[in-house]
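Counting from 284, one number per residue, gives the positions in the sequence shown under the working numbering.
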Amino acid sequence: MRKTALLLTPILLILFALLLGACTVPGSDPGATEGKKTGAVDPGETPTDAPEITPAPTELPWKVDEKGRRLAGSDSGLTRDGTPKKYFTISFDDGITQDRRIIEIYNKYNFRGTFFINTGLFGANWTWVGQTLGDPSLSHLRWTKAEISTGIYDGQDVASHTLNHPSLKNYTKTQVMNEIDKDIDNIYEITGICPVGMAWPGGDTEYTKTTMEIARDNTSAKFARATTSTNRFNLPKSWLKWQPTCGITDSSLLKIAESFLKKEAESDMLFYVWGHGYELDFYNKWDTLDQLIKMMTEADDVICVTNSEFYWLFADEIPPIK
Ligand SMILES: [Zn+2]
């Protein structure tokens, strides 16, 4: 390797000199641009007189809330250009230990997803989930605060699943506000990024129109994912009852994914998959998840977004409640 480099250096120097003579345009900096393209070191520059070609770190275009907190998903740089697009997003609930393996799969494809967590239940071991499903060995174990603080979800979209995962349908305004906003505050304290959304705990039977109105008028949650599959690729009808396309355990998930890839976007489309990490264990869906993320990230015409990134793209067009 070193020998090759030694042999190549004089050749590169000669080539560079020729290029410099042939290509110099007044005001241009061929050393910088040509060097970048080929990966060669610019021999004309020494570290001391090197011009500044690496741009200084620039501030990401975060939106902030009234407390100055950076808002999740607002720094994506994604914008819409007026032509219909196909979007893909996925979320997992509860903040449990299987999420680490999910993120390992995501990292293979440079993909990011959304995780809804309960900061009032750190370390909770819900053995009843496995018992209910007839497999007591099935794990439903939430991360502790110390574990989460090591950065398990770094780079991912972390959002609220309420503080304690209660049924909210009979909760008072104060209780609903506390469950949602305290969770959002806690997530901000841990991650430094303020969640803009949540997933309703317990599914669509555990909250009411009144709960949604409380969330809309009194909390920081701008969207709330629901649980009834639409089996469609439509945009959400309302932010606070954001119904997904299907679940990760749906037996036809990859067929649905294929049909999404085949479709032409005549209007904006969203393919939204949701689930729980423990379901990947119980239903043996790890390969399916891997395949799904591979398909979506490799498709040229699919824009992969987190839930929060998607929210900002369509924030003004979809009502909070319908
Ligand atoms: Zn849950």
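Every residue gets a Cβ at the ideal spot worked out from N, C-alpha and C, and that includes glycine.
Provide the residue(s) that pair with residue i in DSSP beta bridges, ordered along the chain.
i                 : result
tyrosine 555      : Thr372
leucine 424       : Asn408
phenylalanine 398 : Phe375 and Val441
valine 459        : According to DSSP, which records beta bridges pairwise, valine 459 is partnered with nothing at all.
glycine 530       : Trp557
arginine 353      : Val347
tryptophan 525    : Arg508
Once DSSP output is grouped into helix, strand and coil, what is the label at residue i?
i                 : result
phenylalanine 506 : strand
isoleucine 586    : strand
cysteine 306      : Bear in mind that a pLDDT of 35 at cysteine 306, under 50, signals an unreliable position, so the model cannot answer this.
isoleucine 297    : Any reading at isoleucine 297 needs caution, since the residue's pLDDT is 43, under 50, leaving its predicted position unreliable; the model's value is listed next. Three-state DSSP puts isoleucine 297 in a helix.
proline 602       : coil
Can you find a C-beta in chain C that's less than 8 Å from the C-beta of residue i?
i             : result
glutamate 387 : In the structure shown, chain C cannot be found, because there is only a single protein chain.
Measure the Cβ-Cβ separation of residue i and residue j and say whether it is below 8 Å.
i             : j              : result
aspartate 487 : threonine 511  : yes
glycine 608   : isoleucine 400 : The displayed coordinates of the chain run from 284 to 605. Any statement about residue 608 would go beyond what the structure contains.
threonine 366 : leucine 553    : no
leucine 446   : valine 459     : no
alanine 504   : isoleucine 463 : yes
glutamate 592 : glycine 356    : yes
glycine 396   : serine 432     : no
lysine 544    : glutamine 574  : The sequence shown places leucine at residue 544, not lysine. Cβ atoms of leucine 544 and glutamine 574: not closer than 8 Å.
lysine 524    : tyrosine 392   : no
Please list the terminal residues of the continuous alpha helix (DSSP H) segment that includes residue i.
i                 : result
alanine 482       : Careful: alanine 482 lies outside any alpha helix (DSSP H), inside the beta strand (DSSP E) at 480-482.
phenylalanine 543 : 536-545
glutamate 489     : Per DSSP, glutamate 489 belongs to no alpha helix (DSSP H) and is neither H nor E.
aspartate 382     : 382-391
isoleucine 576    : 569-581
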